[in-house]
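Notes follow once the structure below has been shown.
There are 2 protein chains.
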Amino acid sequence: MNTELTQQIKFLLEIDALKDILRQSYLSSSGRRENSAEHSWHVALMAVLLSNYANTAIDVLKVVKMLLIHDIVEIDAGDAYMYDQAAQDAKAEREQAAAARLFTMLPPAQAQELHTLWQEYEQRQTPEARFGAALDRLMPLLHNYHTQGRSWQEHGIHSTQVYACNAHIADGAQALWDYARELIEHAVKNGFLAE
Amino acid sequence: MNTELTQQIKFLLEIDALKDILRQSYLSSSGRRENSAEHSWHVALMAVLLSNYANTAIDVLKVVKMLLIHDIVEIDAGDAYMYDQAAQDAKAEREQAAAARLFTMLPPAQAQELHTLWQEYEQRQTPEARFGAALDRLMPLLHNYHTQGRSWQEHGIHSTQVYACNAHIADGAQALWDYARELIEHAVKNGFLAE
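Protein sequence lines, in the order shown, are assigned to chains A and B.
Numbering of the first sequence is given in this note's numbering, commencing with residue 672 and proceeding in unit increments.
Numbering of the second sequence is given in this note's numbering, commencing with residue 672 and proceeding in unit increments.
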């Protein structure tokens with residue numbers, strides 16, 4: 672058997688576990704909680720559909736790759752709720768360790784390429800990373816709005832937190848932040864989100 | 672509000688429903704059945720990782736786009752089990768109608784681009800479509816093998832069916848078909864799959 676291929680297949684089977692990592696978002700269709708694998712599909716396709724809203728020209732394949740791998744570290748580190756600052760602060764080290772373990776399952780050149788891409792996404796300094804991160808924020812906003820703020824209400828989230836946590840959407844795509852702000856305003860007006 | 676963006680967001684919320692379409696594959700991790708959204712994530716990432724096994728040079732972004740959208744017609748048409756020929760034959764018309772309904776939710780130029788891409792995938796005549804379709808076959812084989820043939824056994828599938836249904840992996844990626852054949856042989860030897 673081909674050794675490189677065997678490594679790649681082993682990695683692909685390992686990341687099956689992302690399908691069991693539950694997020695705080697509720698699906699607009701069935702009302703169950705979303706898992707991180709199906710979320711990754713959704714934001715990757717979102718990048719394809721909305722790429723022309725990026726503030727600057729982006730390499731779409733690079734963004735899509737980033738979004739396909741952005742959450743796999745949760746297999747070891749778990750999902751930290753975006754509005755839980757303590758969980759956010761605590762997760763960085765666990766996620767770095769997870770990235771090291773998972774990506775090194777791949778053949779060396781590919782391991783390095785994807786690990787570097789994941790780091791770039793995390794650092795949010797390049798147009799692709801900023802745009803990818805914008806979509807990763809916009810999608811849960813949409814889920815929250817279209818489930819009448821279910822997840823916001825369960826966690827007692829206020830609009831100031833929602834504005835603060837999502838403002839960096841503007842760094843990747845100003846037009847999407849304009850849309851998101853209208854959504855947040857409507858959510859407050861409709862009582863989905865506390866002022 | 673931006674009309675095009677509103678259409679795109681509506682489409683993105685509509686396809687949330689793909690997360691509720693269950694396939695016959697069991698996850699290697701938790702043993703539950705897989706849904707078509709998380710499957711789409713898995714094969715899209717597989718395309719990124721295994722692109723150099725394609726028989727001819729491929730446009731990776733094109734394959735990834737195909738795989739991100741390849742199953743969305745199941746939202747209306749349901750998932751037809753790959754070894755159920757009657758279901759496969761019956762689904763074509765329903766899937767065409769589903770594609771027409773879903774893609775026309777998007778702004779016209781994008782609707783046409785993605786609808787055409789979906790048709791190209793279905794027809795399996797281009798290198799990208801063949802490679803994408805190869806991955807769509809290889810992943811369930813891996814799931815079956817790594818759950819000791821659970822789905823094969825539930826449906827009374829024999830190795831001749833598995834060889835016949837998966838042989839077109841060779842059209843997209845001969846090296847992956849070589850790997851798949853070894854897997855099928857092992858599955859028969861280990862009693863995961865009836866001869």
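Ideal Cβ placement from N, Cα and C applies to all residues, glycine included.
These figures come from a predicted structure and were not determined experimentally.
- The continuous stretches of alpha helix (DSSP H) do not include residue 698/B, and DSSP gives it neither H nor E.
- The C-beta of residue 706/A comes closer than 9 Å to at least one C-beta of chain B.
- Residue 801/A has its alpha-carbon roughly 8 Å from the corresponding atom of residue 792/A.
- For the pair of segments examined, the stretch 775 to 789 of chain A was found not to touch the stretch 822 to 833 of chain A: the number of CB pairs separated by less than 8 Å stays below three.
- Ranked by how close their Cα comes to the Cα of residue 720/B, the residues 855/A, 696/A, 740/A and 729/A have 740/A in first place.
- Counting only the Cα atoms, residue 756/A lies some 44 Å from residue 820/B.
- Of the residues 849/B, 724/B, 712/B and 743/B, the one whose Cα lies closest to the Cα of residue 738/A is 712/B.
- Bounds of the alpha helix (DSSP H) holding residue 859/A are 845 to 860.
- DSSP places residue 815/B within a helical segment (H, G or I) once states are collapsed to three.
- Per the DSSP secondary-structure output, residue 706/B pairs in a beta bridge with 693/B.
- Only those residues of the stretch 707 to 741 of chain B whose C-beta falls short of 8 Å from the nearest C-beta of chain A are listed: 708, 709, 711, 712, 713, 715, 716, 717, 719, 720, 721, 724, 731, 732, 735, 736, 739 and 740.
- Listed in chain order, the positions of the stretch 802 to 823 of chain B with a beta carbon within less than 7 Å of a beta carbon of chain A are 813 and 817.
- With respect to residue 769/A, residue 746/A sits close: the two C-beta atoms are nearer than 9 Å.
- For residue 788/B against residue 743/B, the beta-carbon gap comes to about 12 Å, at or over 8 Å, which does not count as contact.
- For residue 779/B, the enclosing alpha helix (DSSP H) begins and ends at 779 to 794.
- DSSP, reduced to helix, strand and coil, places residue 769/B within a helical segment of the structure shown.
- DSSP, read as helix, strand or coil, puts residue 741/A in coil.
- Taking the beta carbon of residue 864/A as reference, no residue of chain B falls within 7 Å; the closest one sits roughly 18 Å away.
- DSSP lists 865/A as the beta-bridge partner residues of residue 829/A.
- Where residue 686/B is concerned, there is no enclosing alpha helix (DSSP H), because DSSP gives it neither an H nor an E.
- Contact between residue 855/B and residue 847/B does not hold, since their C-beta atoms are separated by about 12 Å, which reaches or exceeds 8 Å.
- The three-state reading of DSSP puts residue 673/A in coil, since its state is none of H, G, I, E or B.
- When Cβ-Cβ separations below 9 Å define contact, residue 754/A makes no contact with chain B.
- Per DSSP, reduced to three states, the secondary structure at residue 680/A is helical.
- The Cβ neighbour count for residue 681/A, taken over all protein chains shown within 10 Å, is under 16; the residue is labelled exposed.
- Spatial neighbours of residue 773/B in its own chain (CB-CB distance under 8 Å, excluding positions within 5 residues in sequence) are listed in chain order as 682, 685, 686, 743, 744, 746 and 747.
- Out of 703/A, 708/A and 700/A, the CA that lies nearest to the CA of residue 692/A is found in 708/A.
- Using a 10 angstroms sphere on the CB of residue 803/A, the tally of other CB atoms reaches 16 or more, which defines it as buried.
- 834/A is the residue among 809/A, 777/A, 675/A and 834/A whose C-alpha sits nearest the C-alpha of residue 859/A.
- Setting aside the 5 residues that flank it on each side, residue 722/B is surrounded in the same chain by 731, each with a C-beta closer than 6 Å to its C-beta; the list follows chain order.
- Out of 836/A, 767/A, 812/A and 843/A, the CA that lies nearest to the CA of residue 853/A is found in 812/A.
- Within the model, the alpha-carbon separation for residue 777/A versus residue 838/B is close to 27 Å.
- Assigned with DSSP and collapsed to three states, residue 776/B falls in coil, not helix or strand.
- Contacts with chain B at 9 Å (Cβ-Cβ) include residue 850/A.
- For a Cβ distance threshold of 7 Å, residue set 698, 699 and 700 of chain A lies close to residue 687/B, ordered along the chain.
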